[in-house]
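Going by the numbering used here, the sequence shown opens with residue 5, and the numbers climb by one from there.
Structure first, then comments.
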Amino acid sequence: MKSRRQFLKISSLSAAGLVFGGGLLETFADNLLKNNQSYFKGPYDFARTPTYCEVCFWKCAGWVHKDENGRIKKIIGNDDDPSCNGRFCPRGTGGVGMYFDKDRLQTPLIRTDERGKQTFREATWDEAFDYIASKMNKIKEEHGPECTALFTHGSGGKYFGNLLKGFGSNNIAAPSYAQCRGPREVAFLATFGQGINSPENTDIRDTKCLVLIGSHLGENMHNGQVQEMSDAIDKGTTIITVDPRFSTVAGKSKHWLPIKPSTDIALLLSWMNVIINEELFDKKYVEKYTFGFDLLKAYVQPFTPEWAYGITTIKPQQIRDTAREMAHAAPAVIVHPGRHVTWYGDDTQRIRAVAILNALLGSWGRRGGFYNPEKASVPHFHLPDFPKPNKNWRDAMGGKYKLADLALASGVCQATIPSPEMSCSIKGWIVNGTNLINTLPDQKKTIAAIQALDLLVVVDTMPMEITGYADVVLPECTYLERYDSLRISQGRVPSIALRMPAVDPLYNTKPAFWMARELAKKLDLLQYFPFETIEEEIDWELKQVGSSLEEMQRIGVKLLDREADDLYFGEDEDVEFNTNTGKIELYSTALEEEGFDPFPVFTQHPEPSEGFYRLIYGRAPMHTFSRTANNPNLTDLMDENSVWVNPKVAKVWDLKNDQYVYLENQDGVISDFKIKVRITERIRWDSVYMVHGFGHADKRMTRAFGKGVSDTQMITNVMIDPIMGGTGMRGNFVTFRFDNKKAEV
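Rendered as structure tokens:
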């Protein structure tokens, strides 16, 4: 039984939040004005201030509006921003809830008990930085600077990244790579010599056929794509959705293919078989731009729709009909590459199949397919050379995953757990804006890595689970209270956007730039932070492109000219691709050189045992991962997840709608909390579905605590992609429990 003393022992943190309750919000704001006369001076007097959203990676630009008393009132989109066209999604408009959340971290904290027990004392910023610098220098002296690492998700990563590189380590990882989009980037690089990046260069507004394989547009709320899809639907675009669940977008589709989970490669290979054998491919495009077509043609001959039917449960005629739909629309067709693509461990090969299909249909570089994106070229101030690290996380992994072009968060985690094979494990982590407990699969391994650390620093706005394991917690102010580096996004038109504070930071919270620079002072690394304030740095950068901070404060977004008129390939244009052959590689020489199959290979994956069901997880339009589960505005829209269960399964288990159950996975892990049952025909009988990001176990998250089940807790079987190290997480199976008591042994 957990002790009641295992809570955050700072009365001020819990008491201060009470001012946000009910009608006390007005009193709180009035007191701020009386007690802090500088609160709304300078730029805070603006009727509206520019920002870009931090709730998801799309980073839509918008305006923060305040009332006549200077209090934040609402956030709306910036009409000039090509990422949002003046319209925000529910998460974007609800972002103001991050500012008003009474559970926010409020002051630096230093741990006073063992990791995980949530016992801290308040500290000054100077004391916190002294503690961190002392520990980092000790790690550097005893093990080398490379034995520190940064995990980051969010705008502050640039500054903490510079700090770590200046310190002598390049172990900088974003979980969004290994746990989300990494296989996609490697697959498209191997095929086209170019990744997809963010926002994706999909020309949805002009497409005639959109194929979605596990890509839940409308629920993941990638703003620009959803808007373009809505416009495309109005124009009569055909949508083909492949998903074991009848998702929101499946309801807008001409074809819904409720595929058996883990068999996607079989369907993709059979589509290639039909398109090639019926000569539906773009012959001129394939001949001019691709390498390995004859080899591909021979390779796909066995993969008929009849063969695929026995694997996928999709009828042969459906396979042929949908292949012909794509070909009829080509080249204005998109087989969407998705974003969260780490499913079964063969994910790079699955997305390779997606890339090959697009190449056969001639959609890469063509209107309605994939346009050529351009990113604004904004010079950065030249910093001194960073010291060259002697080793990195990859060395600890035996030199594997050479095709991964970014550090793997799971690899850094693995390199932290001491083992006889490693000369030195990683000893210190800085974790910026990512709740690794609910982000990395196999929580047991994550916690084992954390417990082996000499130093764990967590930078966050909220008391996420990861903060309970920290040695030092640094409270970051929300994106509405700070400047950050310019948003420089790729798109049809290069653009830059400014984020500036609408109000002063609440409590004793600070922006990442300030934290990193102050820590750099303690580590004698100030040469990597030549500007005293972030405003000076932003103004310097803007002046290099003919703008200024003053101009951007007024307009928020600036569009720049493309360097060339090359949004699409010209008629008969000669194009050299950044691959070994200079062509689109249907047959991948890069994969072959590394000892991998040059064509996608279908492999049979394990099936659930009797009474178990494959766990599928996804997104909801009002939430982003676990980071918004406590947002007071967004919890009003969805405060817990539910488990979707097919009626046939519900009958077997005698389950009722809205009944609460526990879940147990194939490894005997039982969920900490209960989840509500939703009985629906919209999910296959062999699977269950839930929204990711719930089941928070930290009581300081008062709205999110104990609400629903954490899918991450259920993911203990991780299937590693051998090509780039991505963490396949959809090979887990769950059954239903009516209590959470562990069986007697």
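C-beta: ideal position from N, C-alpha, C; glycine also.
Please read all numbers here as calculations on a predicted model, not as lab measurements.
{"Asked": "Which two residues bound the contiguous alpha helix (DSSP H) that contains Cys417?", "Found": "Ala413 to Gln418"}
{"Asked": "With DSSP run on the structure shown, which of helix, strand or coil describes Gly732?", "Found": "strand"}
{"Asked": "Classify Gln229: buried if its beta carbon has 16 or more other beta carbons within 10 angstroms, exposed otherwise.", "Found": "buried"}
{"Asked": "Flag this pair as yes or no: are the beta carbons of Ala594 and Phe698 separated by less than 7 angstroms?", "Found": "no"}
{"Asked": "Are the stretch 304-322 and the stretch 175-189 touching, with three or more C-beta to C-beta distances below 8 angstroms?", "Found": "no"}
{"Asked": "Scan the stretch 128-216 and note each continuous alpha helix (DSSP H) run of 4 residues or more that stays entirely inside, going in chain order.", "Found": "129-147, 161-171 and 186-196"}
{"Asked": "Can you tell me which of the three DSSP states Phe581 falls into?", "Found": "coil"}
{"Asked": "Go through the stretch 52-98 residue by residue and report every complete run of the alpha helix (DSSP H) that reaches 4 residues or more, in order.", "Found": "94-97"}
{"Asked": "Report the residue from Asn175, Glu378 and Asn166 whose alpha carbon sits nearest the alpha carbon of His384.", "Found": "Asn166"}
{"Asked": "Give me, in chain order, the residues of the same chain whose beta-carbon lies closer than 8 angstroms to that of Lys448; leave out the 5 immediate sequence neighbours on both sides.", "Found": "Thr720"}
{"Asked": "Taking the runs of the alpha helix (DSSP H) that are 4 residues or longer, which of them lie wholly in the stretch 291-319?", "Found": "297-303 and 309-316"}
{"Asked": "Using the rule of at least 16 other Cβ atoms within 10 Å of the residue's Cβ for burial, across every protein chain shown, is Gly586 buried or exposed?", "Found": "exposed"}
{"Asked": "In three-state terms, what does DSSP make of Asp690?", "Found": "coil"}
{"Asked": "Around the Cβ of Phe742, are there at least 16 other Cβ atoms within 10 angstroms (buried) or fewer (exposed)?", "Found": "exposed"}
{"Asked": "Over what stretch of residues does the beta strand (DSSP E) that includes Ala501 continue unbroken?", "Found": "Ser499 to Ala501"}
{"Asked": "Buried or exposed: Ser251, going by 16 or more other Cβ atoms within 10 Å of its Cβ?", "Found": "buried"}
{"Asked": "Could you tell me which residues DSSP puts in a beta bridge with Gln557?", "Found": "Beta-bridge pairing links Gln557 to no other residue."}
{"Asked": "Do you know offhand how far Thr31's Cα is from Gly415's?", "Found": "The predicted position of Thr31 is uncertain, since its pLDDT is 45 and thus under 50; no value can be drawn from it."}
{"Asked": "Look up Tyr511 in the DSSP assignment and say whether it is helix, strand or coil.", "Found": "coil"}
{"Asked": "Taking 7 angstroms as the threshold (C-beta atoms), are Ile208 and Ala363 in contact?", "Found": "no"}
{"Asked": "Just to confirm my understanding: we take Cys417, look at its own chain, exclude 5 residues before and 5 after, and list those with CB closer than 7 angstroms. What are they?", "Found": "Leu444, Lys449, Thr450 and Ala453"}
{"Asked": "Near Val463, which residues of its chain fall below 6 angstroms by C-beta distance, leaving aside the five closest residues on each side in sequence?", "Found": "Asn436, Leu478 and Glu480"}
{"Asked": "With distances taken from CA atoms, which of Lys77, Leu271, Gly735 and Val461 is nearest Ser613?", "Found": "Gly735"}
{"Asked": "Just reading off the alpha helix (DSSP H) that Tyr103 is part of, what are its end residues?", "Found": "Val100 to Phe104"}
{"Asked": "With H, G and I counted as helix, E and B as strand and the rest as coil, what does DSSP make of His700?", "Found": "strand"}
{"Asked": "Only counting runs of 3 or more residues, tell me where the beta strand (DSSP E) segments fall wholly within the stretch 579-652, in order along the chain.", "Found": "617-622 and 646-649"}
{"Asked": "By Cβ distance, which residues of its chain are closer than 8 angstroms to Gly729, with the 5 residues on each side in sequence left out?", "Found": "Ala182, Gly186, Met401, Lys404, Tyr405, Ala408, Leu412, Ser414 and Gly415"}
{"Asked": "Among the residues of its own chain, which have a CB less than 7 angstroms from the CB of Val304, if the five just before and after it don't count?", "Found": "Leu273, Met276, Asn277 and Ile280"}
{"Asked": "Quick test of the definition: if touching needs 3 or more C-beta pairs under 8 angstroms, does the stretch 621-639 touch the stretch 92-104?", "Found": "yes"}
{"Asked": "Determine the burial state of Val656: buried for a count of at least 16 other Cβ atoms within 10 Å of its Cβ, exposed for fewer.", "Found": "exposed"}
{"Asked": "Residues in its own chain within less than 6 angstroms of Lys78 by CB, not counting five upstream and five downstream?", "Found": "His69"}
{"Asked": "For Arg125, which residues does DSSP report across the bridge?", "Found": "Ile114"}
{"Asked": "Can you tell which of Phe297, Arg370 and Pro505 has the C-alpha that lies nearest to the C-alpha of Asp576?", "Found": "Arg370"}
{"Asked": "Considering only their Cβ atoms, is the gap separating Tyr621 from Met723 smaller than 7 angstroms?", "Found": "no"}
{"Asked": "Could you check the C-alpha separation between Phe737 and Glu596 for me, to the nearest Å?", "Found": "33 angstroms"}
{"Asked": "For Gly255, count neighbouring Cβ atoms within 10 angstroms of its own Cβ and tell me buried if that reaches 16, exposed if not.", "Found": "exposed"}
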